[in-house]
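Numbering (my numbering), first residue to last: 9 to 251.
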């Protein structure tokens, strides 16, 4: 459909904001720590710091995915919908953003795991995994685009990102030992529960706000929904001890 390439580009800009804010920043900070542990052969501390990085990703990445999915139409309208950018264009960009949002947490986690591979001097394993995932992504692109249109390209990227994160995380244990899965699972489940409540609060806030057309009013509406969502997640994070 006409406009698909632009919609994909706009969706990428939106999902890469939390990716840069969280994934890239955290990966940059944690990489020297992992490298020092690897140089000393201190696998226990390397696993501990890697697990800490992954828990931080889950605590922030999961609500980032959920929030971007929930508010994708509001965000797209507030940022892009003006001038020659029509309601139909906004709908296309919203579909792409929603599909990309499903993988935000995995994209962030992948950056952390890849830093662990680089810290132990293994550049071949993530490269090989990435090449296989790229081929899979190509096959899924060619399949999904005929089933659900351009949104299939964004959905394929998210699904392949989740798979790549899972495979990289599983295989690195052959080099550094068993990760604390119970701790990671506990943190993830609590983050999912808190994000679920956050989504309900954000959805309720949106439903109680009047429909608006002007850009300033849309931005105000979005800000109110964001503030309500963030406050609810912070409260639940405190209650569930997601520190």
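Even glycine gets a Cβ: it sits at the ideal position worked out from N, Cα and C.
| query | What residues in its chain sit with their C-beta under 6 Å from that of residue 196, if we drop five residues either side in the sequence? | reply | By one-based count along the chain shown, residue 196 stands at place 188. For residue 196, where only same-chain residues beyond five positions count, the Cβ hits under 6 Å are 66.
| request: Kindly list the residues whose CB is nearer than 6 Å to the CB of residue 245, restricted to its own chain and excluding five residues on each side of it in sequence; keep chain order. | output: Position 237 of the chain shown, counting from 1, holds the residue named residue 245. 202, listed in sequence order.
| query | Can you tell which of 160, 137, 139 has its C-alpha closest to the C-alpha of residue 148? | reply | For the purposes of this step, residue 148 is taken as the residue at position 140 of the chain shown. Here the closest residue by C-alpha is 160.
| Nearest to residue 189 by alpha carbon, out of 122, 95, 62? | Here residue 189 corresponds to residue number 181 of the chain shown, with the count starting at 1. Ranking the options by Cα distance to residue 189, first place goes to 62.
| Going along the chain, which residues of its own chain have a beta-carbon closer than 6 Å to the beta-carbon of residue 26, five neighbours each way excluded? | The residue you call residue 26 lines up with position 18 of the chain shown. Only 72, 112 meet the Cβ criterion.
| field | Minimum length 3: unbroken beta strand (DSSP E) runs contained in the stretch 162-191 | value | none
| message | For the pair the stretch 152-170 and the stretch 204-214, tell me if three or more CB-CB distances fall below 8 Å. | response | no
| query | In terms of residues, what are the limits of the alpha helix (DSSP H) holding residue 12? | reply | Here residue 12 is taken as the residue at index 4 of the chain shown, counted from 1. Residue 12 -> alpha helix (DSSP H) spans 12-26.
| message | Tell me the residue span of the alpha helix (DSSP H) that contains residue 43. | response | Locating residue 43 in the chain shown gives position 35, where the first residue counts as 1. 33-48 is the extent of the alpha helix (DSSP H) around residue 43.
| Rounded to whole angstroms, how far is the Cβ of residue 50 from the Cβ of residue 38, which I believe are closer than 8 Å? | Locating residue 50 in the chain shown gives position 42, counting from the first residue. Locating residue 38 in the chain shown gives position 30, counting from the first residue. With 8 Å as the limit, residue 50 and residue 38 do not qualify as a contact, their Cβ atoms being about 15 Å apart.
| Would the beta-carbon of residue 75 fall within 8 Å of that of residue 231? | Sequence index remark: in the chain shown, residue 75 carries index 67 (1-based). Sequence index remark: in the chain shown, residue 231 carries index 223 (1-based). Not closer than 8 Å, so no.
| message | Suppose you measure from the CA of residue 187 to the CA of residue 48; what does that come to, to the nearest Å? | response | Along the chain shown, one-based indexing puts residue 187 at 179. Along the chain shown, one-based indexing puts residue 48 at 40. Rounded to the nearest angstrom, the two C-alpha atoms are 19 Å apart.
| task | Evaluate contact between the stretch 14-32 and the stretch 91-106, counting only Cβ atoms and requiring at least three cross-stretch pairs below 8 Å. | result | yes
| message | Between 64, 129, 138, 233, which has its C-alpha nearest residue 193's C-alpha? | response | Position 185 of the chain shown holds residue 193. For the residues 64, 129, 138, 233, the minimum Cα distance to residue 193 belongs to 64.
| task | Indicate the three-state DSSP secondary structure (helix, strand or coil) for residue 88 in the structure shown. | result | Translated into positions along the chain shown, residue 88 becomes position 80. If DSSP states are grouped into helix, strand and coil, residue 88 belongs with the helices.
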